[in-house]
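K.L.:
Protein chains in written order, with this note's numbering: chain A, 1084 to 1587; chain B, 18 to 323; chain C, 3 to 358; chain D, 47 to 386.
Heads up, the beta-carbon is just placed ideally off N, CA and C, and yes, glycines get one too.
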Ligand SMILES: Nc1ncnc2c1ncn2[C@@H]1O[C@H](COP(=O)(O)OP(=O)(O)OP(=O)(O)O)[C@@H](O)[C@H]1O
Ligand SMILES: Nc1ncnc2c1ncn2[C@@H]1O[C@H](COP(=O)(O)OP(=O)(O)OP(=O)(O)O)[C@@H](O)[C@H]1O
Ligand SMILES: [Mg+2]
Ligand SMILES: [Mg+2]
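Here you go:
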C-alpha cells in the first residue's frame, strides 16, 4: 500500500495535511504520534470510513477510492477500531460474524458460536461467544474487537490502539498473532502509544505530528527516547520524577465492602482498604476482578450492598454522588465516552459538568458562562488540549484529548481525594508524562490518590503502595518501592505462593 | 361473566388486527433505526386505495395489492427523507400523516362524493378454517373471521422468526443498534434501512386495508381514527418485537372490546372509554416495565456526508 | 453565517414544496397563483389576518416550548394535547367557579391552576412511571392524553361542569379573567396583548431555564447522557419527573391562555391537535425556544392561510391539508439543498480534474 | 364503472368538491348575485351529518336559484369560528351559515359586529339578534317515527329473519343534543309499539371510525338486536355495514341512507338541514330574511322519515302516518331526554 499526500480537512481542523506512507508486504508498520496527530483519521480513510479531501491511496498497485468500509472489506482490509465498533445488544458471536454470517437465509447461530469459539481458541483470546457484549468489561470488549478483525481473512490489517486495554499476557498473544500474519505476508498497520510495544513488534515506524508524517525510521535504529522526541518535537522525560511520599491520616477507609454491578453480579466481595493523605495507592488487578466496580462504588455510582465507606471521618456509604463530589471526591471514570463526558456538549459545559452548581460557575442557580469559559480556557492551556477551542464539542476531539479534558476537570477541582481509573488510557507519552506529574503533585499537596489501572508499568512507577485485587478481594498490599513486576503479576492471579504465572 | 363469552374474544382479535399489523411494521422500521410515526397516514392511504381499486377492478385482492403498492410508495418517501436527506423522522412522519389525511379525503370527495365509497365494493372474504371451527370455544372466536386475521397470525410468527433468526434480521437489528459498527463490517446501512421502512409501509397499508376491505367495505374520511399512533404505542409496549407487538395489540383490542361490552349500564360512555388507556398504563407499569429502544432509533446515519 | 443558513434553507425547502404543490394544484384545475396568493394574503394580507396568524400561533408556541423541554431532556412527550385540555379545563373551572376573587388576581390564579393541572397530568403518572418503573413515556403520555380528553368531555357532557340547561359546554369564565382584546379593530382576530406577552415571557423563561440555569443544564445532561448525568451528581429520576412536569406545565399554560384569551369556555370538540402540531414546531426549531417562535408563526400562518385559501380560492379543505403536509415534509428535508449543491460541486471538481 | 359512484352522489344531492371549487355563480341573470358563506364546525364536510347536509343545501341553492355564489370553510379548532365567520361577514357576504351549536358564542359575537350581514345557525336557538336566524330541528319526532317502525316490525316479526328477542340497538356517536334528540324519540316510539321490547344504547365517541361502529353493531347484534339505529356519522356507516353482513336490519339517519345498503335499511330518520339552508338562502335572495328561531318538525316537513323499504307491510306505513298526525296535532308529545 502506498499513501501519497493524503489530506483530510474538517471544518476548522486539518486532521491530515499531507500524509505519505509506504507499506510493504509482510511488514509491521507502526504509526506513532501525539493525541490528535491524525492517526485514526488516516486509518479511517484507508478503511473507507472517511472520504479524503485530497490525495491518493494505492492498494496492491491500484489507486482505490473506497466509499464505504464495505468496499475496503471486499478489497481485503481489516481493522480494529480505537473506539470499539461493537453492538452491545448483540452477542459476541453475532458481533464477530456480522456481515459474513453462516447460513443462507436463516442465521445459523450455533455455527457462528462454533466459529467464534474456534477463533478465540486459536488466538488464545478466551471469550464466551454467547455473552451479550454489553455485559462485558472493556477489556473483554477489546478482545471481541480484535477477533472481529481476524474473523475475515484480510490482506491488510489495521490495528488502532489494540493493546490499550489488554493485559501484558494478552498483548503477548496478540503479538504472536501479528507475527504469524507477518509470516503469511500480511502487512499490519499498528498504532500504539506504548513505545516499548512499538519497538518490540514493528519493523518500521512512521511518526506523525499535527497531521503530517514527519519521518519513517527503521525500528532497529530507534530508541524510546528518540521516538518520543520525534513525536513531540522536544525532549520528553519518560520516567516520572518522584520524591518520597509523606503519608498522613487516612482519607478513605473501606470496610468489608460488597458491591454488585449493573447486572446484579457481585463483583466486590468484602474489600478492606485504607487510603491515606499524601499517598498514591495503586490498585492492580486483571480486568474484571472488581476494581472498577469498587471505584464506581466509592464515587457513588454503584450502590453499596454491605460494608462501609468512611471518607474524611464521615460515613459516606449512603451519600449521593453529588454529595460526595461536593465533599471533595474526584473521579476519572474508566469509560470516558459513556460516563465521563457528554459528547454533544462543548468543552465549557464538559469542564463544569461536576461543579456546575458551585461558584464561580453558577450563582443562585444561574450559570455564569463567562467564568466557566475563562476556566475552561485555562485548563485547555494547562493540559494542552488540542485543538485549543473551548466552544468545540467533545465529540470532535481525538480520544486522547477527550481523556485530557476529563483529567483536567477532575484534577483541577482541588479535591481531597482522586480516584483515577485508567487515567492514561490512550494517551501519548507526552500527555502521560503530564498526567503523571499532576497525580504526583496532588499527592504532594497531601491529597489521597487511588490509581486503578490495568497497566502494570503505570502502577509500578507511580504507586507508593500497591493493593492487588483478585476476584473482588484484596489479595495483598505491598510497598511500591519494593514491588516487582513478577511479584505483582503473580498476586494478580490470586495466588500468594510462588507458583507459575498462569492467566485465565 | 363476560369473559366466558367467546364474542368478546372474537371482537378482541378483530380489533387487534389493525393495530398489530402496523405495530409489527413499525418494529421493522425502528429496528433498523427509523422512527415511523407516519403509520397513521400510511394506514389511511392503504385503506383508501384498497377500497378504490377493489371497487374499480371488482377484485378485493387487487385492491389489497394496490394498498400495498401505495403504502410502500408512501413509506419510500419517508425512507428517502429519513435516509437520503437525514431529515427529522418525526417531522417527516407528521407531514405524511397530514398529507395522507388530506389526499384520501380529497380523492374520496372527488371520486365518490361525500358519503364514503359504494357499498357494493368487493371485500376480502371471511373464512372459517375447517377443523378449527369444531373446537368448542376457540371455534366460535375464529368463526367467520376475515381472512386477514389468519394472514396476520401467520405474519406475526414469520416476522418474529425473520427478525430474530435470519441473517437479514440480524443485520437489521445491528443497523438499528449501531449503524456505524454495522457499516464497518460492510453492511449497507442505507439499503437495510430502506428495506425496514418500506416493510413497515407494507404492514401499515395492510392494516389500513383490513379496515376498509377486511372488516367492512367502505372508506370514510379519517377512518383510522388514530390507530397508527396506538400502533406506535403497541410496538413500544411490545418492546420492539413482533410477538410483543401482537400481544400489546391484543391487550388494546381486548380493552376496547371491554369498553364496548360494559356500556349500557348507565355509566358515562366517556368514562368507560378510558378503560383501554388506563389498562394500558397499568399493564405497562405493572407487567412490562422498562423497554429500551434500539439504540440508534431515530438517529440519521451519515458519517461520510457533511 | 450559521443563522443565515438556518433561515435560508427552510425557506428554500418551502419554496420547493410550494412548487410541487403548485404543480399538483394546477393539475387539479386550480390557478396556483391565486391559491398561493390567498394562502399568503390569508396569513399576512391584512392587520386582521396577521392578528389571526399570531392568535393561531400562540398555543403552538407555548405547547411547543413544553415539547422542546421534553426533547431536550431526552423524553418524547406525545401527549401534550391531553395536557393542554386538562390545563384548559382546570383554568375554565377556576375561572367560572371562583368569581368573587379580584380581577387580575383571579386571572393569574386561573393561569397558575391551568399550569399546575397540565404539569400534574404529565408529571404524576407518566413522570413517575418513567422514573421508577421505566414505562415508556410515549405510551403513558399518549394514553393519559386520551384519558384527559375523555375526562374533559365527560365533565361537560352531563358531568359536573356542564352549564345547566345548555348544550354540552361549560359556563363562561368570569368577565374579569378574560383577556382584553388588543383593539376593537382586531377583535375578530381575538388577539390579546396579554396572551402575546405570556407567550414571549414563556419563550424567554424557557430559553433562560434551558441554557442559563443549573436546572436547565441538568435537564439537558440527563437528555443527552444519563450515565454522565449520574456521574455529574444529577438525580436522573427527579429530573425525569421534573422534565415531564415542566413540559406538561407549558401545555397546560397554553390551554389556560387559549381559554381566557379566545374560547372563554370549554366547548365540546377537543380536536385542535395542538399537541401533535407542536411536536413538529419544536422539532423544526431544533428544540430551541427562540426557534419555536418562528416555527410556531409558520404553522399559525399555514393554518390561517389555509382557511383563507378555502374561502377565497374555493380550494377544498382536504387539499389545503395536502399542501400543508407537503410543506412540512419538504421543510424537514431542508438539508437536501446543501447536499445537492455539494454533490454538484463535487461533480464539477471531478470533471475538471479528469479533464486536466 | 363510475356510474354507480355518480349515481350515489346524485342520490345525495351532492356533486362532490368540484362544484364548490369551480362554479362560483350559477348564472347572474337578474344582475344581483348574493354571496353565501358556510362555516362548518370541526366535524368538517365529511361528517356524514349536518355539516355535509348544510353543504348539500347550499349547493342545491347554487344550482337551482339564480345568482347565488358560495364559499365554504372547514374550521380546524374551536378558535377558528370567530375569524371564519368574520371573514365572510367582512367580505360582504350576504348570508353566513354556521353549522352547529358549538358556534353559538362566535355567532353572537360576530353578528353584533356585522349587523348588515345575515346569519343562520343550525341546531341552536339564538334569540334577540335581528340578523341571526336559528334553525332547530325536532329530530326527536323523526326518531319517534323511526322507533315506531322498528317497534311495529319487531313486535310482529314482519320482516324476514327477525328473531324473537325483540331487541333493537341504538349507537350514538357522542352524548350530545343533536344525537340524543334522535335517540330519545326513537326510544319512545319503539316502546310505544313494543312495550316489552328492549332498546340497547351505546356511544362510540367517534363520528369517523367505521370499524369501531361495526364493532359496536356486532356487539349489539350478538345481544340479540336485529335492527340497528346508528346516529354516528361515518361511524354509523360502519354499523349499517355490519348489520348488512349479519343479515339484520338498520335504520339510517339524517338523510335517506337506503343507498348504503338496499334491503337492509328499513327507513331513515331525516333532518332537513339542507332544506333549512336552501330556504334561508332563498329568503335572503328575496329579501324576506327574518331573524329569530325557526323550528323544523314533522308539521312543516323539516324532519321526517324516508320511504319504507320494500317488504315492509303497508300496515306499518298506515300506523306511521297516523302517529305522525298525532304528533303534529300535539296529541303525542315527544321528550328529548334519553333514557339510559
Ligand atoms: N469528525 C470530526 N470533526 C472535526 N474534527 C475532527 C473529527 N474527527 C477528528 N477530528 C480532529 O482531527 C484531529 C485528528 O484526530 P485523530 O482522531 O485522527 O487523532 P489521533 O492521532 O488518532 O489521536 P489519538 O491518539 O488521541 O487517538 C484531531 O484534532 C481531532 O480533533
Ligand atoms: N436491502 C436489502 N433488502 C433486501 N434483502 C437484502 C438487503 N440487503 C441484503 N439483503 C439480503 O441479505 C442477505 C445477505 O446480503 P448481502 O448480499 O449483503 O450479503 P452476502 O452477499 O451474503 O455477503 P458478502 O457479500 O458479504 O459475502 C441476502 O439474502 C440478501 O438478499
Ligand atoms: Mg486515534
Ligand atoms: Mg455482499
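Taking a contact to mean a Cβ-Cβ separation below 8 Å, would you say residue 1208 of chain A touches residue 1256 of chain A in this structure?
P.N.:
Along the first chain, one-based indexing puts residue 1208 of chain A at 125. Along the first chain, one-based indexing puts residue 1256 of chain A at 173. Yes; because the gap between Cβ atoms is below 8 Å, this pair is in contact.
K.L.:
Could you spell out the range, first to last residue, of the beta strand (DSSP E) harbouring residue 32 of chain C?
P.N.:
Here the question's residue 32 of chain C lines up with position 30 in the third chain. Per DSSP, residue 32 of chain C belongs to no beta strand (DSSP E) and is neither H nor E.
K.L.:
I think residue 84 of chain C touches residue 147 of chain C, with their Cβ atoms under 8 Å apart; what is that distance to the nearest whole Å?
P.N.:
If you number the third chain from 1, residue 84 of chain C lands on position 82. If you number the third chain from 1, residue 147 of chain C lands on position 145. About 3 Å separates the two Cβ atoms, so the contact holds.
K.L.:
First and last residue of the alpha helix (DSSP H) that includes residue 211 of chain B?
P.N.:
Taking the first residue of the second chain as 1, we reach residue 211 of chain B at position 194. Its alpha helix (DSSP H) spans residues 206–226.
K.L.:
Roughly how many angstroms separate the alpha carbons of residue 58 of chain C and residue 224 of chain B, rounded to a whole number?
P.N.:
Counting from one through the third chain, the residue named residue 58 of chain C turns up at place 56. Counting from one through the second chain, the residue named residue 224 of chain B turns up at place 207. So the two alpha carbons sit approximately 34 Å from each other.
K.L.:
Please report the straight-line C-alpha distance between residue 283 of chain C and residue 245 of chain D, rounded to a whole angstrom.
P.N.:
Indexing the third chain from 1 puts residue 283 of chain C at position 281. Indexing the fourth chain from 1 puts residue 245 of chain D at position 199. Cα to Cα, residue 283 of chain C sits roughly 48 Å from residue 245 of chain D.
K.L.:
Please state the DSSP three-state secondary structure of residue 77 of chain C.
P.N.:
Counting from one through the third chain, the residue named residue 77 of chain C turns up at place 75. If DSSP states are grouped into helix, strand and coil, residue 77 of chain C belongs with coil.
K.L.:
Any C-beta of chain B within less than 7 Å: which residues of the stretch 300–324 of chain D qualify?
P.N.:
Hits within the stretch, in order: 306 and 307.
K.L.:
Give the DSSP-derived three-state secondary structure of residue 323 of chain D in the structure shown.
P.N.:
One-based indexing of the fourth chain puts residue 323 of chain D at position 277. Helix.
K.L.:
What alpha helix (DSSP H) runs, 4 residues minimum, are completely inside the stretch 284–347 of chain D?
P.N.:
Listed in chain order, they are 319–332.
K.L.:
When DSSP labels each residue in this structure, what does residue 374 of chain D get in the three-state scheme?
P.N.:
The residue you call residue 374 of chain D lines up with position 328 of the fourth chain. Helix at residue 374 of chain D.
K.L.:
Taking C-beta pairs closer than 7 Å, name the residues in chain C that residue 118 of chain D reaches, listed in chain order.
P.N.:
Residue numbering aside, residue 118 of chain D sits at position 72 when the fourth chain is read from its first letter. Under the 7 Å cutoff, chain C gives 312.
K.L.:
Excluding sequence positions up to five away, which residues of its chain have a Cβ less than 6 Å from the Cβ of residue 263 of chain B?
P.N.:
As a first step, residue 263 of chain B is located in the second chain; it is residue number 246 there, counting from the start. Once the five neighbours on either side are set aside, the close Cβ partners of residue 263 of chain B are 37 and 173.
K.L.:
What are the residues of the stretch 222–234 of chain C that lie near chain A, defined by any Cβ-Cβ distance shorter than 7 Å?
P.N.:
Listed by position, the residues of the stretch 222–234 of chain C near chain A (Cβ gap below 7 Å) are 223, 226, 227, 229, 230, 232, 233 and 234.
K.L.:
Alpha carbon to alpha carbon, how far is residue 1194 of chain A from residue 1421 of chain A?
P.N.:
Locating residue 1194 of chain A in the first chain gives position 111, where the first residue counts as 1. Locating residue 1421 of chain A in the first chain gives position 338, where the first residue counts as 1. Going by the C-alpha atoms only, they are around 33 Å apart.
K.L.:
With distances taken between CB atoms, is the gap from residue 301 of chain B to residue 137 of chain C smaller than 8 Å?
P.N.:
Position 284 of the second chain, counted from the start, is the residue given in the question as residue 301 of chain B. Position 135 of the third chain, counted from the start, is the residue given in the question as residue 137 of chain C. For residue 301 of chain B and residue 137 of chain C, yes; Cβs fall inside 8 Å.
K.L.:
Can you list the residues of chain B that residue 142 of chain C reaches, using a CB-CB cut of under 7 Å?
P.N.:
Taking the first residue of the third chain as 1, we reach residue 142 of chain C at position 140. Result: 298 and 301.
K.L.:
Would you please verify whether the beta carbon of residue 1403 of chain A is less than 8 Å from any beta carbon of chain B?
P.N.:
The residue given as residue 1403 of chain A occupies position 320 in the first chain. No, because no Cβ of chain B sits closer than 8 Å to the Cβ of residue 1403 of chain A.
K.L.:
Against chain B, which members of the stretch 1472–1486 of chain A pass a CB distance test of less than 9 Å?
P.N.:
Hits within the stretch: zero.
K.L.:
Per DSSP, what kind of secondary structure is residue 184 of chain C in: helix, strand or coil?
P.N.:
Locating residue 184 of chain C in the third chain gives position 182, where the first residue counts as 1. If DSSP states are grouped into helix, strand and coil, residue 184 of chain C belongs with coil.
K.L.:
Can you tell me whether residue 72 of chain D is helix, strand or coil according to DSSP?
P.N.:
Residue numbering aside, residue 72 of chain D sits at position 26 when the fourth chain is read from its first letter. In this predicted model, residue 72 of chain D has a pLDDT of only 40, less than 50, meaning its place in the structure is not dependable; the value taken from the coordinates is given anyway. Correct three-state label for residue 72 of chain D: coil.
K.L.:
Once the 5 residues before and after residue 231 of chain C are set aside, which same chain residues still bring their CB inside 6 Å of it?
P.N.:
One-based indexing of the third chain puts residue 231 of chain C at position 229. Same-chain partners within the cutoff: 223, 224 and 238.
K.L.:
Along the beta strand (DSSP E) that carries residue 1562 of chain A, what are the first and last residues, could you check?
P.N.:
For the purposes of this step, residue 1562 of chain A is taken as the residue at position 479 of the first chain. Where residue 1562 of chain A is concerned, the enclosing beta strand (DSSP E) stretches over 1556–1562.
K.L.:
Any chance the CB of residue 1480 of chain A is under 7 Å from a heavy atom of ligand 1?
P.N.:
As a first step, residue 1480 of chain A is located in the first chain; it is residue number 397 there, counting from the start. Yes; taking the cut-off as 7 Å, the Cβ of residue 1480 of chain A has a heavy atom of ligand 1 nearer than that.
K.L.:
Which class does residue 88 of chain D belong to by DSSP, given the choice of helix, strand or coil?
P.N.:
Taking the first residue of the fourth chain as 1, we reach residue 88 of chain D at position 42. Coil.
K.L.:
Does any CB atom of chain C fall closer than 8 Å to the CB of residue 1443 of chain A?
P.N.:
Sequence index remark: in the first chain, residue 1443 of chain A carries index 360 (1-based). Cβ-Cβ to chain C under 8 Å: no for residue 1443 of chain A.
K.L.:
Who are the near neighbours of residue 1534 of chain A in its chain, counting only those whose CB is closer than 8 Å to its CB and skipping five residues on each side?
P.N.:
Indexing the first chain from 1 puts residue 1534 of chain A at position 451. Only 1363, 1364, 1365, 1366, 1503, 1506, 1522, 1541, 1542, 1545 and 1546 meet the Cβ criterion.
K.L.:
On the three-state DSSP scale, how would you describe residue 1388 of chain A?
P.N.:
Residue mapping note: residue 1388 of chain A aligns to position 305 of the first chain, counting from 1. Looking at residue 1388 of chain A - three-state DSSP - the assignment turns out to be strand.
K.L.:
Would residue 218 of chain D and residue 277 of chain D qualify as a contact pair, given that the criterion is a beta-carbon distance under 8 Å?
P.N.:
In the fourth chain, residue 218 of chain D corresponds to position 172, counting from 1. In the fourth chain, residue 277 of chain D corresponds to position 231, counting from 1. A contact, by the Cβ cut-off of 8 Å.
K.L.:
Taking only runs of the beta strand (DSSP E) that begin and end inside the stretch 163–227 of chain D, which ones reach a length of at least 3 residues, in chain order?
P.N.:
List check, beta strand (DSSP E) in window: 164–168, 178–183 and 213–218.
K.L.:
In whole angstroms, what is the alpha-carbon distance linking residue 253 of chain C and residue 378 of chain D?
P.N.:
In the third chain, the residue the question calls residue 253 of chain C occupies position 251. In the fourth chain, the residue the question calls residue 378 of chain D occupies position 332. Using only the alpha carbons, I get a separation of about 51 Å.
K.L.:
Does any CB atom of chain C fall closer than 8 Å to the CB of residue 377 of chain D?
P.N.:
Locating residue 377 of chain D in the fourth chain gives position 331, where the first residue counts as 1. Chain C contact via Cβ: absent.
K.L.:
DSSP three-state label for residue 1115 of chain A, please.
P.N.:
Within the first chain, the letter at position 32 stands for residue 1115 of chain A. Residue 1115 of chain A falls in the strand class under three-state DSSP.
K.L.:
Closer than 8 Å is the cut-off here; do at least three beta carbon pairs connect the stretch 329–342 of chain C with the stretch 99–115 of chain B?
P.N.:
Cβ pair count under 8 Å is three or more, so yes.
K.L.:
Distance, Cα to Cα, residue 202 of chain C vs residue 181 of chain C?
P.N.:
For the purposes of this step, residue 202 of chain C is identified with residue 200 of the third chain, where counting begins at 1. For the purposes of this step, residue 181 of chain C is identified with residue 179 of the third chain, where counting begins at 1. Each residue's Cα considered, the two are about 16 Å apart.
K.L.:
Report buried or exposed for residue 364 of chain D, applying the criterion of at least 16 other Cβ atoms within 10 angstroms of its Cβ.
P.N.:
Numbered from 1 along the fourth chain, position 318 holds the residue referred to as residue 364 of chain D. With fewer than 16 Cβ atoms within 10 Å of its Cβ, residue 364 of chain D is classed as exposed.
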